[in-house]
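Colleague: Under the numbering used here, the residue at position 299 of the sequence shown is numbered 299, and the numbers go up by one with no gaps.
Think of the CB as a built atom: it goes at the ideal place given N, C-alpha and C, for glycine as much as any other residue.
Every value quoted in this text rests on a predicted model; they were computed, and no experiment measured them.
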Amino acid sequence: MSKTISSVLTLILAALLMLFIFFLPPIKTADLNSRDLLFQLRGPIDLSESDIVIVEISSRADDEIPYKYPWPTYVYANLIENLNQAGAKVIAFDILFDQPDLYDLNNDTLFAQAVEEAGNVIFSGRVRQEPERRFLGGVVADQRTPSFPRQMFLDATPWGIGFVDMRPDLDGFIRSYPFQYNYLNETYYSFSVQILPLIFGEDVTLENRSDVYVAANQPIPKTEKNRMLINYHGGYRSFDYVGFESVIDDADFETRTEMQAFEINEFDDPDYGLLYKNILKDKIVLVGTTMPELQDFHSVPYPDRSGEYSMAGVEIHAHALQTILSGNFLEEVDSLNSLLITMILLLASYLITSRFVGWSGLFMALIIGFIWVITAALFFIYGSLFIPIVPVLLAVVVGYTGSVTHNVIYEEREKKKIKSMFSSYVSPELVDKMISDEIEYTLGGREDELTVMFSDIENFTTLSESLAPTELVSMINNYLNTFTEVINEEKGTLDKFIGDAVMAFYGAPVPIENQAACACRTVLKVEKRWEKISNGVDGIPFKTRYGINTGLMLVGNMGSERRFNYTVMGDNVNLAARCESACKIFGVYAIVSESTKQQAQLSGEFVFRQLGKVRVKGRYKSAELYQLVGFSGQIDQSSLSLIKQFETGLHFYFDRKFKEALAIFEKLSAKESESFHVSEYLNPSLFYAELCRDLIENPPENDWKGIIER
1 MSKTISSVLT
11 LILAALLMLF
21 IFFLPPIKTA
31 DLNSRDLLFQ
41 LRGPIDLSES
51 DIVIVEISSR
61 ADDEIPYKYP
71 WPTYVYANLI
81 ENLNQAGAKV
91 IAFDILFDQP
101 DLYDLNNDTL
111 FAQAVEEAGN
121 VIFSGRVRQE
131 PERRFLGGVV
141 ADQRTPSFPR
151 QMFLDATPWG
161 IGFVDMRPDL
171 DGFIRSYPFQ
181 YNYLNETYYS
191 FSVQILPLIF
201 GEDVTLENRS
211 DVYVAANQPI
221 PKTEKNRMLI
231 NYHGGYRSFD
241 YVGFESVIDD
251 ADFETRTEMQ
261 AFEINEFDDP
271 DYGLLYKNIL
281 KDKIVLVGTT
291 MPELQDFHSV
301 PYPDRSGEYS
311 MAGVEIHAHA
321 LQTILSGNFL
331 EEVDSLNSLL
341 ITMILLLASY
351 LITSRFVGWS
361 GLFMALIIGF
371 IWVITAALFF
381 IYGSLFIPIV
391 PVLLAVVVGY
401 TGSVTHNVIY
411 EEREKKKIKS
421 MFSSYVSPEL
431 VDKMISDEIE
441 YTLGGREDEL
451 TVMFSDIENF
461 TTLSESLAPT
471 ELVSMINNYL
481 NTFTEVINEE
491 KGTLDKFIGD
501 AVMAFYGAPV
511 PIENQAACAC
521 RTVLKVEKRW
531 EKISNGVDGI
541 PFKTRYGINT
551 GLMLVGNMGS
561 ERRFNYTVMG
571 DNVNLAARCE
581 SACKIFGVYA
591 IVSESTKQQA
601 QLSGEFVFRQ
611 LGKVRVKGRY
621 KSAELYQLVG
631 FSGQIDQSSL
641 SLIKQFETGL
651 HFYFDRKFKE
661 ALAIFEKLSA
671 KESESFHVSE
681 YLNPSLFYAE
691 LCRDLIENPP
701 ENDWKGIIER
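(1) Give the C-beta separation of Ala395 and Leu345 to the nearest angstrom, bearing in mind that I take them to be a contact with Cβ-Cβ under 8 Å.
(2) Are the Cβ atoms of Val121 and Trp159 separated by less than 9 Å?
(3) Please report the straight-line C-alpha distance between Glu605 and Gly633, rounded to a whole angstrom.
(4) When the Cα atoms are used, what is the spatial distance from Lys584 to Leu575?
(5) At what residue ranges does the region 193-248 contain a whole run of the beta strand (DSSP E), taking only runs of 3 or more?
(6) How big is the Cα-Cα spacing for Thr109 and Pro100?
(7) Tell me, please, which residues DSSP counts as bridged to Ser190.
(8) Tell me whether Gln627 is buried or exposed, calling it buried when 16 or more other Cβ atoms sit within 10 Å of its Cβ.
(9) Should Gln322 be labelled buried (16 or more other beta-carbon atoms within 10 Å of its own) or exposed?
(10) How is Met291 classed by DSSP in three states: helix, strand or coil?
(11) Alpha carbon to alpha carbon, how far is Leu552 from Val568?
(12) In chain order, which continuous runs of the alpha helix (DSSP H) of length 4 or greater are located wholly inside the region 281-326?
(13) If you measure between the beta carbons of Ile635 and Gly649, is that distance less than 9 Å?
(14) Let me check understanding here. Comparing Cα to Cα, which of Phe239, Leu463, Leu206 lies closest to Ile476?
(15) Measuring straight from C-alpha to C-alpha, what distance separates Pro149 and Pro388?
(16) Taking the straight line between their C-alpha atoms, what separation do you get for Leu184 and Ile65?
(17) Leaving out five residues before and five after Leu668 in sequence, what residues of the same chain have Cβ atoms less than 8 Å from its Cβ?
(18) Compute the Euclidean distance between the alpha carbons of Asn78 and Lys281, then round it to the nearest angstrom.
(19) I need the DSSP call for Tyr566, collapsed to helix, strand or coil.
(20) Skipping 5 residues on each side, what residues in its chain have a beta carbon closer than 6 Å to that of Ile235?
(21) In chain order, what residues of the same chain have a beta carbon less than 6 Å from the beta carbon of Phe658, not counting five sequence neighbours either side?
(22) So, does the region 332-349 touch the region 8-24, judging by three or more C-beta pairs under 8 Å?
(23) Would you call the region 509-525 and the region 591-610 in contact, with 3 or more CB pairs under 8 Å?
(24) On the three-state DSSP scale, how would you describe Asp456?
(25) If you draw a straight line from the C-alpha of Phe581 to the C-alpha of Leu625, how long is it?
(26) Determine the burial state of Met259: buried for a count of at least 16 other Cβ atoms within 10 Å of its Cβ, exposed for fewer.
(27) In the DSSP output, what is Thr484 paired with across the bridge?
(28) Which full runs of the beta strand (DSSP E) of 3+ residues lie inside the region 27-65, going along the chain?
(29) Distance, Cα to Cα, Phe631 vs Leu524?
(30) Any idea what DSSP makes of Pro178, helix, strand or coil?
(31) Would you call the CB atoms of Thr157 and Glu116 closer than 9 Å?
(32) What's the gap between the Cα of Phe253 and the Cα of Glu266?
(33) Would you kindly work out how many angstroms separate the C-alpha atoms of Val555 and Phe687, rounded to a whole number?
(34) With distances taken Cα to Cα, identify the nearest neighbour of Phe39 among Tyr309, Gly402, Ile708, Arg529.
(35) Quick check: the Cα distance between Val164 and Thr4, rounded to an integer number of angstroms?
(36) By Cβ distance below 6 Å, which residues in the same chain neighbour Phe483 in space, the five residues on each side in sequence not counted?
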């Protein structure tokens with residue numbers, strides 16, 4: 001089984017596992033919980049300009065009002081009158097007035113009259129879902145009991161009722177808000193939606209479309225469950241709260257404190273009364289309970305100051321209404337697209353982490369997860385969009401686990417095989433990279449564009465005769481060890497040692513960036529490093545010639561079935577060898593072909609000098625050759641000037657202006673050894689000076705192109 005097929009099978013198994021995990025209720029709950037953290041990360045939204053005020057029926061109000069809850073409804077009549085006196089725009093009761101007054105039925109009449117006179121009151125209602133009732137022979141299910149205000153109250157207001165039922169998510173938290181309900185073939189709007197016509201006028205649009213819900217003349221994004229996501233602006237008590245007892249405590253109402261101690265009129269006292277503070281003027285007043293014993297507290301995704309994820313129902317309605325009024329709506333990616341995103345991240349996690357081994361793969365998985373969490377936070381904070389978090393993080397884990405399992409099962413055997421095959425050619429680091437990449441190792445090979453380098457020690461025979469065998473072996477071993485170290489550093493492949501000569505190539509078995517530059521760096525680094533180590537032996541000069549060429553060549557395991565070598569073959573390999581031998585022509589020690597020069601100079605690291613066109617032995621076409629002078633940062637201005645003058649002389653030479661060229665070359669020949677690494681007997685300027693003298697005496701034929709035949 002090939003690696004590709006096993007990878008595909010592993011991915012399919014991982015995808016099936018993720019598909020199963022994705023729809024598990026605990027995963028959905030965990031993803032909802034991750035959204036809650038985004039609210040805290042974002043922080044509260046300023047509500048100082050909000051038009052919503054909450055009048056709370058609190059335990060303190062129950063202590064101050066001289067009746068036990070539920071209070072007589074005339075108290076609410078006083079509340080409506082005082083709120084309107086203070087300039088309230090809307091009065092919405094999150095209280096169910098579904099029972100007659102316990103004290104005096106005339107109180108209900110007073111309350112209804114106050115509602116009718118005010119003209120800005122909205123009531124609330126709900127439909128309770130009763131538990132299943134079993135009896136002999138069957139089950140009575142779906143028992144819904146309405147809790148609507150008494151008809152006399154409904155007749156007193158033209159604005160109807162708003163449903164206060166809110167459906168929590170799987171974990172019991174309220175994160176979304178319904179738009180409307182259907183009960184007995186009648187459509188009832190939710191509490192906050194029902195308030196909108198009173199705010200904007202009775203002609204305001206309320207329309208449930210297929211993709212959005214239109215309210216207050218603006219489209220509201222819907223969830224898959226046909227609800228609106230509540231954009232919580234903060235935790236419990238983010239809105240302005242006013243005590244119920246403070247609003248009704250006017251000169252005509254006596255609280256328990258006034259009965260037992262002294263008179264305080266918190267509403268209409270001219271010095272500190274609510275009536276004169278403009279707290280309620282033009283406000284949308286929501287009246288609801290905050291008494292714990294009335295059990296109207298619900299779990300919400302935003303904590304209060306004490307860290308509790310709990311909020312009074314009336315304030316949840318306030319946040320829903322504020323979301324609509326501000327137009328700052330939240331959206332979520334639907335289940336299908338969430339699943340698609342999850343699978344894409346699973347694939348990305350597998351593909352990315354499969355290219356790393358051990359802790360590196362785990363680190364990459366963590367990076368992917370971290371980036372996704374940051375992305376989710378940015379989408380929420382700046383785009384008001386919830387994207388899946390927990391399923392995606394699990395997909396990253398599943399993808400990473402799959403890649404690790406696949407690598408362990410399938411690639412351990414390949415790793416041993418490859419290490420055994422290539423340990424003598426390339427560095428251990430490259431062997432590890434080969435294992436992570438998909439590379440075929442077959443007898444015969446493939447054609448690819450590579451860079452090959454040949455080196456040879458100048459006058460090695462003379463050097464051998466001047467040294468004892470043990471000294472020669474020690475010197476050659478040190479030299480070749482240095483050479484091998486640099487080749488490994490530059491991600492090259494050591495092909496073979498041929499006595500004192502070295503053959504190496506770059507770009508296989510592992511592709512590398514700018515292979516020509518790596519080969520050039522190898523030459524310059526070997527020269528510098530060996531110069532520090534030896535700088536000649538027993539007074540005998542020690543210099544190496546180099547040839548480099550880049551082009552198409554055959555690479556692979558060449559040889560017989562029993563014995564083979566990973567090497568390169570082809571015309572471009574031969575050209576590299578001829579570049580090395582061409583060093584003798586010009587008296588230089590590092591020559592590269594035009595293709596190598598063009599690729600290597602992209603890095604901007606090197607200085608090259610044009611040497612001319614040479615037709616080497618065994619080739620019909622001529623080759624443009626260049627001297628590798630050195631690193632650009634190490635060449636002074638005088639040397640750069642010499643190169644420019646030399647290439648000017650070369651231009652005259654090709655233009656058949658031999659006298660002008662000769663004048664330049666004669667001038668430069670004496671300076672060559674001061675600026676460049678050249679032979680003490682020959683240099684390019686001296687070579688061309690001799691050539692120009694000969695051509696002046698013996699002018700060339702008309703088809704002469706300046707090509708040097710060697």
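Modeller: Inspection of the coordinates gives the following:
(1) 5 Å
(2) yes
(3) Put simply, the backbone Cα of Glu605 is about 7 Å away from that of Gly633.
(4) Roughly 15 Å between the two C-alpha positions.
(5) 206-208, 212-215, 218-221, 227-229, 240-243
(6) Whole-angstrom Cα-Cα distance: 10 Å.
(7) Phe163
(8) buried
(9) buried
(10) Coil at Met291, not helix or strand.
(11) 10 Å
(12) 313-326
(13) Their beta carbons are not under 9 Å apart, which means Ile635 does not touch Gly649 by this criterion.
(14) Relative to the Cα of Ile476, the nearest Cα in the group Phe239, Leu463, Leu206 belongs to Leu463.
(15) 41 Å
(16) Near 39 Å, if we compare the C-alpha coordinates of Ile65 and Leu184.
(17) Leu642, Gln645, Phe646, Gly649, Ser685
(18) 17 Å
(19) strand
(20) According to the sequence provided, residue 235 is Gly. The question's Ile does not apply to it. These residues qualify, in order along the chain: Tyr302, Pro303, Asp304.
(21) In the same chain as Phe658, and ignoring 5 residues on each side of it, the C-beta atoms closer than 6 Å to its own belong to Cys692, Leu695, Ile696, in chain order.
(22) yes
(23) Yes, since at least three Cβ pairs between the region 509-525 and the region 591-610 fall closer than 8 Å, the two stretches touch.
(24) strand
(25) Checking the sequence shown, residue 581 turns out to be Ser, not Phe. Whole-angstrom Cα-Cα distance: 12 Å.
(26) exposed
(27) BP columns for Thr484 are empty, so no partner.
(28) 52-57, all fully within the region 27-65.
(29) 8 Å
(30) Pro178: strand per DSSP, three-state reduction.
(31) A contact, by the Cβ cut-off of 9 Å.
(32) 10 Å
(33) 37 Å
(34) Tyr309
(35) 57 Å
(36) Val502, Val526
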